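In the numbering used here, the protein residues as written are 1490 to 1563.
Note that beta-carbon positions come from the ideal geometry of N, C-alpha and C, so glycine has one too.
From a predicted model like this one, the values you see are computed outputs, not experimental measurements.
So the structure is just underneath, and the comments pick up after that.
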């Protein structure tokens, strides 16, 4: 359950189709801000993307396997 004082409401949604070459990956900036300033919408394109060589948390632990296992780096 979400406490009502922190409830987030969505009052408008738009669908955007992007025509792009097959070798280009297209992603929206999916940051959802519930309060201003709201981020400007943009489409991020990538060609030949590679995963990072390393990723560590604040304690120096290797978190790259966890990132690769998520949709963040696919």
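Go to residue 1517, then tell me how far its beta strand (DSSP E) extends in each direction, as first and last residue.
-> Residues 1514-1517.
Can you tell which of 1534, 1507 and 1526 has its C-alpha closest to the C-alpha of residue 1514?
-> Restricting attention to 1534, 1507 and 1526, the CA atom closest to the CA of residue 1514 is found in 1534.
Can you list, in chain order, the residues of its chain whose CB lies under 8 Å from that of residue 1475, leaving out five sequence neighbours each side?
-> Nothing in the structure corresponds to residue 1475, since the chain is present only between 1490 and 1563.
Same chain only: Cβ atoms within 8 Å of residue 1551, ignoring 5 sequence neighbours per side | The beta carbon of residue 1551 lies closer than 8 Å to those of 1543, 1544 and 1545 in the same chain, with the five residues before and after it left out.
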